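Participant: So that we are looking at the same thing, I have put the structure below in structure tokens.
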Amino acid sequence: MADKRAALDRDPDLSQTNAALASMTALARVRWGFEVFGDGLAFTSSFGAMSAGLCHLVSVARPGASVYFLETGFHFPQTLAFRDALVSQLGLTLRVLTPALEKSALQAELGPEPYRANPERCCEVNKVAPMRQLLQGVDAWISGVRAGQNAFRDGLAYITRTQEGQYKLHPVLDWTSKDLYDYLQSNQLPTHPLWEQGYTSIGCAPCTRAPLDAADERSGRWAGSDKTECGLHYL
1 MADKRAALDR DPDLSQTNAA LASMTALARV RWGFEVFGDG LAFTSSFGAM SAGLCHLVSV
61 ARPGASVYFL ETGFHFPQTL AFRDALVSQL GLTLRVLTPA LEKSALQAEL GPEPYRANPE
121 RCCEVNKVAP MRQLLQGVDA WISGVRAGQN AFRDGLAYIT RTQEGQYKLH PVLDWTSKDL
181 YDYLQSNQLP THPLWEQGYT SIGCAPCTRA PLDAADERSG RWAGSDKTEC GLHYL
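Last residue of the sequence shown: number 235 in our numbering, and the count goes up by one each step with no gaps.
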């Protein structure tokens, strides 16, 4: 593990590492991440539409691994039920992250619907700040972003560095929606309950609807606004 981490740190622009990761399968990338970072690699999941795919890869590569979940206080009840069932099925260890600013305090600041009054502030408090706190104690984290989801994600590499210097690993970056769906089917994994109702990308309930554009799976997120990301992937 030490030798692989040293080699990674000697790759200043990560080009050699990304070239190597590009030739690997998604499972091999996850295994590589744990081989390099060990317990210093954090895995987060939104337990969204097809999150079972990456959760399964992690459970195979690292049985019993921790999965971190950002509890915003605004999730669909179906998301929480899906989360608990999937964690149990795959034998993962759930770690729930909560914001330092309680929901009632945020509502006192912005009103009863903070996600409408100031969505950037709402995401900062409920998602970005808790994630930033988590990252202070780890060396790297695994994310399930895919290049085809939007223009920003299309510009990402398999491994990047965060603003704070940690590494961020994207094992399924090259997977299409079909690749992910086929993986779920071949491994008999569930989709989010709202998937069958047409929700292809699922976040907090007030900011999620079925996609407005069938060709854009994330077009139901913050619909009617210019917002496309909560901010986590800008860290």
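Idealized CB from N, CA, C, for every residue including glycine. All of these numbers come straight from a predicted model, not from anything done at the bench.
Report buried or exposed for M1, applying the criterion of at least 16 other Cβ atoms within 10 angstroms of its Cβ.
Facilitator: Here residue 1 is taken as the residue at index 1 of the sequence shown, counted from 1. Counting Cβ neighbours within 10 Å, M1 comes out exposed, since fewer than 16 surround it.
Participant: Would you please state the rounded distance, in angstroms, between the beta carbons of I202 and F76? I believe it to be under 8 Å.
Facilitator: For the purposes of this step, residue 202 is identified with residue 202 of the sequence shown, where counting begins at 1. For the purposes of this step, residue 76 is identified with residue 76 of the sequence shown, where counting begins at 1. About 7 Å separates the two Cβ atoms, so the contact holds.
Participant: For G33 and A81, I'd like the C-alpha separation in whole angstroms.
Facilitator: Numbered from 1 along the sequence shown, position 33 holds the residue referred to as residue 33. Numbered from 1 along the sequence shown, position 81 holds the residue referred to as residue 81. Looking at the two C-alpha atoms, the distance is approximately 29 Å.
Participant: On a Cα-Cα basis, can you pick out the residue from A205, R10 and T176 that is closest to G48?
Facilitator: Position 48 of the sequence shown holds residue 48. When each option's Cα is compared against that of G48, the closest is A205.
Participant: Report yes if the C-beta distance between K127 and C55 is below 7 Å; otherwise report no.
Facilitator: Here residue 127 is taken as the residue at index 127 of the sequence shown, counted from 1. Here residue 55 is taken as the residue at index 55 of the sequence shown, counted from 1. Cβ distance not < 7 Å, so K127 and C55 don't count as in contact.
Participant: Where do the ends of the alpha helix (DSSP H) carrying Y183 lie?
Facilitator: Indexing the sequence shown from 1 puts residue 183 at position 183. Here the alpha helix (DSSP H) through Y183 covers S177 to S186.
Participant: Give a yes or no on whether the minimum CB-CB distance between E113 and chain C is below 7 Å.
Facilitator: Chain labels in this structure do not include chain C; a single protein chain is all it has.
Participant: Which residue wins for smallest C-alpha separation from F279, given the options E109, Y167, D9 and F74?
Facilitator: Residue 279 is absent from the model: the chain starts at 1 and stops at 235.
Participant: Are the CB atoms of P171 and A26 nearer to each other than 7 Å?
Facilitator: Taking the first residue of the sequence shown as 1, we reach residue 171 at position 171. Taking the first residue of the sequence shown as 1, we reach residue 26 at position 26. In contact: P171 and A26 (Cβ atoms closer than 7 Å).
Participant: Based on Cα-Cα distance, which residue from E124, G198 and L92 lies nearest to V60?
Facilitator: On the sequence shown, position 60 is the one that residue 60 refers to. Nearest option by C-alpha distance: L92.
Participant: Could you tell me how far apart the beta carbons of M50 and L194 are, in whole angstroms, since I believe they sit closer than 8 Å?
Facilitator: Position 50 of the sequence shown, counting from 1, holds the residue named residue 50. Position 194 of the sequence shown, counting from 1, holds the residue named residue 194. The Cβ separation is near 11 Å, so there is no contact.
Participant: Ignore the nearest five residues each way along the sequence and tell me which others in D213's own chain have a CB closer than 8 Å to its CB.
Facilitator: Within the sequence shown, numbered from 1, the residue matching residue 213 stands at position 213. Cβ neighbours of D213 beyond the five flanking positions: S219.
Participant: By DSSP, does W242 sit in helix, in strand, or in coil?
Facilitator: Nothing in the structure corresponds to residue 242, since the chain is present only between 1 and 235.
Participant: S66: which of T79, F74 and G38 sits nearest, CA to CA?
Facilitator: Taking the sequence shown and counting its residues from 1, the one referred to as residue 66 is at position 66. If we check each option's Cα against that of S66, G38 comes out closest.
Participant: For the beta strand (DSSP E) holding K168, just list the boundary residues, first then last.
Facilitator: Within the sequence shown, numbered from 1, the residue matching residue 168 stands at position 168. Segment Y167 to L169, the beta strand (DSSP E) holding K168.
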